[in-house]
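Reviewing the structure listed below.
2 protein chains.
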Amino acid sequence: MTPLLDELRAIVGASHVLADGDLTAWEQDWRKRMRGRALAVVRPASTGEVARVVKACAAAGTPIVPQGGNTGMVVGSTPDASGTQVVLSLTRMNAVRAIDGDNLTMTVEAGCVLQSVQEAARGKGFLFPLSLAAEGSCTIGGNLATNAGGTQVVRYGNARELCLGLEVVTAQGEVWNGLTGLRKDNTGYDLRDLFIGSEGTLGVITAATLKLYPLPSATLTAWAAVPSVEDAVRLLGLAHRELGAGLTGFEMMGQFALGLVAKHFPQMRVPFHEQSAYCVLLENADLESELHARAQFERLLERALEEGCVTDAVVAENLAQAQQLWHIRESIPLAQAEEGLNIKHDISVPVSRIPAFCRATDALLQQAIPGVRLVNFGHLGDGNLHYNVQAPAGGDAAAFLRDWEEKVHDLVFDSVRRFGGSISAEHGIGSVKVDTLARHKDPTALALMRTIKRALDPKNVMNPGRVIKP
Amino acid sequence: MTPLLDELRAIVGASHVLADGDLTAWEQDWRKRMRGRALAVVRPASTGEVARVVKACAAAGTPIVPQGGNTGMVVGSTPDASGTQVVLSLTRMNAVRAIDGDNLTMTVEAGCVLQSVQEAARGKGFLFPLSLAAEGSCTIGGNLATNAGGTQVVRYGNARELCLGLEVVTAQGEVWNGLTGLRKDNTGYDLRDLFIGSEGTLGVITAATLKLYPLPSATLTAWAAVPSVEDAVRLLGLAHRELGAGLTGFEMMGQFALGLVAKHFPQMRVPFHEQSAYCVLLENADLESELHARAQFERLLERALEEGCVTDAVVAENLAQAQQLWHIRESIPLAQAEEGLNIKHDISVPVSRIPAFCRATDALLQQAIPGVRLVNFGHLGDGNLHYNVQAPAGGDAAAFLRDWEEKVHDLVFDSVRRFGGSISAEHGIGSVKVDTLARHKDPTALALMRTIKRALDPKNVMNPGRVIKP
């Protein structure tokens, strides 16, 4: 029992410093890629407690790993194997502090589960639009620390664009109260956006003021067969013009990806996948009425059929049908897993260059690995593809990963760079991509990042080894 | 003739280093509040030249004052009186580098005049929505360096929200190529937003990748009489629900402000100002059709009349009428000037608290200065008021300013702070508000800003004395 643990117990209460027993939930990452060992898991209940915990750890030179719902994809919120790091869990700080309807904002603590934030907003007649697969478990603090994306980015932006103000505990344990609900505030450097997306390496987000939107009257979903990636991009352009801000979702899915869903979940009826190289799922949210939304959707799809970028299309008749269509899209990762291990990417490329990127990268992969299968799907509306690579049919998936994972990453990331893209669109860097980032990012940007990390966290106590090495 | 000037001439060409003659255009700020003296005005033609100029100045320990259209309101882009600072004018870097319709982006150099950016976008069928009074003179580099606001923020956000990527020359003269057109890119700290709004104190923005939107089919303007600020806020809430993203402008104007327009520009017909304490100008932009926009507007105004937050309203029948209504709003600053000197503010407060803020601050001012007249108008849609204070009728305006300017600023800023607002909503800090900021901003935020300034510009060569003193 170290003096630090005693000090932490005095701050948060003995029952909220976990040092014995099964700490798997905090020590193992979501995808079960790594298992670390924590000195302790500390669970403060207030911003003041967070500040005192950070001060105590900093004084002891003990690294701090902030953690929300621990649902990240890049091993960014679990401790390393050393047993010397303190996991700072924010889940007890889960109050909705205020909802301000006239200002279209709400203020919540970092440990609020995303779904609770959505529900609290809806309860007052508003929409908080951030939406992603882990929403039942992830916390808003983690969403902001990693600048989470999800399915509504084409309309509402990432977590960054949905946040107006932050409360942060710095690496020195000072509290910055930046919980403003202002749309305009030009009083100095943008500290908010510096902490958003910094993955806990510069400080701890303890609360946030978020943007709200009016609840739509109707949300409709359509499913369209498109002959090629080029056609999907053309459909996207038409959808921007016809639906404007009504376009809230635009997902593209390749034939092989949809075939896996049909194969492993035969109870799901996957429209058009047998005859079409790609399908697109579109969502149209409308403040006016369902009638208006349906008329807009029909006009869009008629025009797309006329222009030939869509060969067939269906608009869901009711909520159940819409949910079935979304469920197909969301089942792709599970269907992939059923098919066997695969090599995953979370990349983005300017929308205009996605057709050429896919053509070039598909060809390079086929050349390197004859028979390789591409599970290509993603949020085309914002240029984000989960461009995953599956072993040739009948091959040994484990051997494929062992032999090819690094080489395939290099091939895909080099291609991403040639097309002006990003090696991590929405998942972040964590510990998994630190070295990859160092190879692919602009060197001046890396130098600036390093300077900022050193300046704001000179003792390197905040989530060390993640994002950038100082 | 110093060796530095010779070096600068070698970099940009002798004709682009101005050291003699009348340099008023570069040395005097837009509002003619201060006149500085430059060592030289240097006008590079490329990013490479900017980098070499910054390196040369940094090596000589010579401060650099980046300048675009020099239309700022807070004396942020002109040299001090010492004659030792180099003005780095970006106006020769005015190329539109690319317009990418499928990606809804354009890439432009910092010296592009805002209106040219708007026109280049429109020429390809797209909208670049940033719009403000100085758009015929200001440059996009300056707009980004100061995070400019304007009239469309309620829908499209500030300059910050309209920018996806930057090219920046750092204080060390290194080039960061961050000209991405990506909507999703989670590869490390958000350097883009750190430079946006930093007013040239951390580096020089040389180019930017901007967001484009589809051009609306119709843009309609309405003018409504509202009995009180509370009613204006209620109308705003209704407008958000009825128009959604169609609501592109929401300006509130007080009776005294409109009375000044009617008095000094009698040829303008100002609707409803005699019978109503406040008027609101609303703009509705619609992708669908003018018919649809008009029906939406009429439904909104009918509902507002029913609920009593609007007592009378008119929708402009055509573009000329719409322009007349906007012209009234834009004439308020000129009418104020005709009436005499006044004390200006550019503040923001959460929309929900604006009624109470106005009530409390109006009362405090009347108490301090009986008969004081308030020119209260602004972008209510985003909480931004130009809450200006004019001498009592018949008083000596110059004496009023001399005696009251500091005291009125203190009174208003203290009130802003009590209501959770900002002392500079869209104009920035420059040199004019540096000391005020130090008094009103959260101390932890100030400390973080100082740390960042020292880390990124340790020699304090980038626009020293602006925003924050290191």
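Heads up: the protein sequence lines correspond to chains A and B, in order. Each step along the first sequence adds one to the number in numbering that gives the first Met the number 0, with nothing skipped, and position 469 is 468. Each step along the second sequence adds one to the number in numbering that gives the first Met the number 0, with nothing skipped, and position 332 is 331. Each residue gets a CB set at the ideal place from its N, CA and C atoms; glycine is no exception.
Could you work out which residue in the options is closest to residue i when comparing CA atoms only?
i: G245 of chain B; options: B:E282, B:D230, B:G258, B:F255; result: B:E282
i: L143 of chain B; options: B:A261, B:I63, B:L201, B:K123; result: B:L201
i: A437 of chain B; options: B:P457, B:V228, B:G464; result: B:G464
i: A94 of chain A; options: A:V85, A:D101, A:T106; result: A:T106
i: G380 of chain B; options: A:D101, A:T208, A:V86, A:T23; result: A:D101
i: D19 of chain A; options: A:V41, A:R32, A:E6, A:D28; result: A:V41
i: G370 of chain A; options: A:L300, A:A55, A:A392; result: A:A392
i: I346 of chain B; options: B:L410, B:V313, B:L290, B:G172; result: B:L410
i: V431 of chain B; options: B:T23, B:M33, B:P2; result: B:M33
i: A207 of chain A; options: A:D189, A:G180, A:A223; result: A:G180
i: H439 of chain B; options: A:A336, A:C278, A:N176, A:L237; result: A:N176
Rounded to the nearest angstrom, what separates residue i and residue j at their Cα positions?
i: G12 of chain A; j: L4 of chain A; result: 11 angstroms
i: P442 of chain A; j: D413 of chain A; result: 16 angstroms
i: T90 of chain B; j: L163 of chain A; result: 33 angstroms
i: G75 of chain B; j: L384 of chain B; result: 21 angstroms
i: R268 of chain A; j: T145 of chain B; result: 53 angstroms
i: R240 of chain A; j: L103 of chain B; result: 11 angstroms
i: A334 of chain B; j: H263 of chain B; result: 6 angstroms
i: G59 of chain B; j: D184 of chain A; result: Gly is not the amino acid found at residue 59 of chain B; the sequence shown has Ala there. In a straight line, the C-alpha of A59 of chain B is about 35 angstroms away from that of D184 of chain A.
i: A444 of chain B; j: D434 of chain B; result: 15 angstroms
i: V174 of chain A; j: W25 of chain A; result: 25 angstroms
i: R96 of chain A; j: E316 of chain B; result: 45 angstroms
i: V203 of chain B; j: L113 of chain B; result: 18 angstroms
i: R121 of chain A; j: D79 of chain B; result: 53 angstroms
i: P226 of chain A; j: P354 of chain A; result: 12 angstroms
i: Y212 of chain A; j: V228 of chain B; result: 22 angstroms
i: E297 of chain B; j: Q322 of chain A; result: 35 angstroms
i: E338 of chain A; j: L259 of chain A; result: 7 angstroms
What does a CB cutoff of less than 6 angstroms around residue i pick up in its chain, not counting 5 residues either side in sequence?
i: F356 of chain A; result: V348, F418
i: G248 of chain A; result: T150, E282
i: P43 of chain A; result: V11, V49, V52
i: S130 of chain A; result: G149, T150, Q151
i: V466 of chain A; result: E198, T200, I428
i: G196 of chain B; result: N146
i: R453 of chain A; result: P469
i: N375 of chain A; result: G253, Y386
Could one say the Cβ of residue i lies closer than 8 angstroms to chain A's Cβ atoms, at least one of them?
i: I470 of chain B; result: Any property of residue 470 of chain B remains undetermined from this structure, which presents chain B solely from 0 to 469.
i: P128 of chain B; result: no
i: D441 of chain B; result: yes
i: V107 of chain B; result: no
i: E160 of chain B; result: yes
i: E425 of chain B; result: yes
Can you name, in chain order, every residue of its own chain whose Cβ lies under 7 angstroms from the Cβ of residue i, other than the five neighbours on each side?
i: G124 of chain A; result: L214
i: C111 of chain A; result: N93, V95, T138, I139
i: L7 of chain A; result: V16, A39, V41, V52, A55
Shorter than 8 angstroms from the beta carbon of residue i to some beta carbon of chain B?
i: V232 of chain A; result: yes
i: I428 of chain A; result: yes
i: G172 of chain A; result: no
i: D101 of chain A; result: yes
i: K183 of chain A; result: yes
i: V527 of chain A; result: The structure shown does not extend to residue 527 of chain A, since chain A spans only 0 to 469, so no value can be given for it.
i: R42 of chain A; result: no
i: T145 of chain A; result: yes
i: D381 of chain A; result: yes
i: R372 of chain A; result: no
i: W175 of chain A; result: yes
In chain order, what residues of the same chain lie with their CB nearer than 8 angstroms to the CB of residue i, ignoring the 5 residues before and after it?
i: A83 of chain A; result: Looking at the sequence provided, one finds Thr at residue 83 of chain A rather than Ala. So the qualifying residues of the chain are L38, T61, P62.
i: D285 of chain A; result: P215, S216, A217, T218, L219, G245, H291, A292, Q295
i: V73 of chain A; result: S423, H426, G427, I428, G429, S430, V431, K432
Cβ closer than 9 angstroms: which chain D residues qualify as neighbours of residue i?
i: L455 of chain B; result: This model lacks chain D altogether, as its protein chains are A and B.
> Can you give, in chain order, each stretch of the alpha helix (DSSP H) that sits fully within the segment 383-459 of chain B and has at least 4 residues?
Replying inline: 396-417, 433-439, 442-455
>> At 4 residues or longer, what runs of the alpha helix (DSSP H) sit wholly inside the segment 212-247 of chain B?
In response: 228-242
> Where in the segment 297-359 of chain B do unbroken runs of the beta strand (DSSP E), each at least 3 residues long, occur, reported from the N-terminal end onward?
Replying inline: 311-314
> Which runs of the beta strand (DSSP E) fall wholly inside the segment 264-288 of chain B and span at least 3 residues, in chain order?
Replying inline: 277-285
> Which runs of the alpha helix (DSSP H) fall wholly inside the segment 123-199 of chain B and span at least 4 residues, in chain order?
Replying inline: 139-144, 152-155, 190-194
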